[in-house]
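Here's what the structure looks like:
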C-alpha cells in the first residue's frame, strides 16, 4: 500500500468509498445529495486536505485533514482490516503533534478504532455541529513529545 496526495482525478473513486459507508449504514440519515458530496470532495481536494491510500493503482481509503482537525477518514469495505485506516492516521500523526476529530456516538467501530490508535475522549455533544445532527464524541490525540 502507498499513500499520496488526493487530486481531482480521484474524486469518483473517493466518492464511491464515502458512499459505501453512508449508503450502507442503516442508522445514518441521508442528509446530503450526491451533488453536495461531489462539491465538498472537490473543495477539500483543491485545498490539499486529502491523502489517499492506494492498493495498486486504486484508491482504497482517504483522510481529509485541515491542520490538526480530521474531517473524514473512510476505507472501502473490501479493504477494511488491512491497516489502511491505521496507515492514513500514522501519516497524519507524522505531520502533527496533536490531532482531533468528532465521531458519531452510534459509530462504535470508529470510536473503538480511534481509541486503539491513541485518541482519548475529550467531550460529548448533542450533534448540533454535524451534518447528521446526531450525538457525537470529540476525540484528541497528542504526540508523546507534546505531553
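Numbering (UniProt numbering), first residue to last: 1 to 147.
Note that the Cβ used here is the ideal one computed from N, Cα and C, for glycine as well.
These numbers come from a predicted model, not from an experiment.
Residue range of the alpha helix (DSSP H) that includes residue i
i	result
residue 46	34-46
residue 56	Where residue 56 is concerned, there is no enclosing alpha helix (DSSP H), given that its DSSP letter is neither H nor E.
residue 116	108-116
residue 103	Segment 98-104 is the beta strand (DSSP E) holding residue 103; no alpha helix (DSSP H) there.
residue 87	84-93
Own chain residues within Cβ distance below 8 Å of residue i, not counting five before or after
i	result
residue 105	111, 124, 134, 135, 136, 137
Per DSSP, cross-strand counterpart(s) of residue i
i	result
residue 70	65
Pick from the options that is closest to residue i, judged by C-alpha positions
i	options	result
residue 196	36, 69, 58	In the structure as shown, the chain begins at 1 and stops at 147. Residue 196 is therefore absent and cannot be evaluated.
residue 42	4, 9, 94	9
residue 61	96, 26, 126, 13	13
residue 129	121, 21, 103	103
Min CB distance residue i to chain D below 9 Å
i	result
residue 40	Protein chains in the displayed structure number just one, and chain D is not present.
Enclosing beta strand (DSSP E) for residue i [first to last residue]
i	result
residue 141	136-142
residue 120	120-125
residue 18	Premise fails: residue 18 lies in the alpha helix (DSSP H), 11-22, not in any beta strand (DSSP E).
residue 4	2-5
Supposed contact pair residue j and residue i - C-beta distance, whole angstroms, cut 8 Å
i	j	result
residue 72	residue 63	7 Å
residue 143	residue 97	4 Å
Own chain partners of residue i with C-beta closer than 6 Å, once the 5 adjacent residues on each side are dropped
i	result
residue 141	99, 118, 119
residue 49	64, 65, 66
residue 44	50, 64
Neighbourhood of residue i by C-beta, 7 Å cutoff - its chain only, sequence neighbours within 5 removed
i	result
residue 55	1, 79
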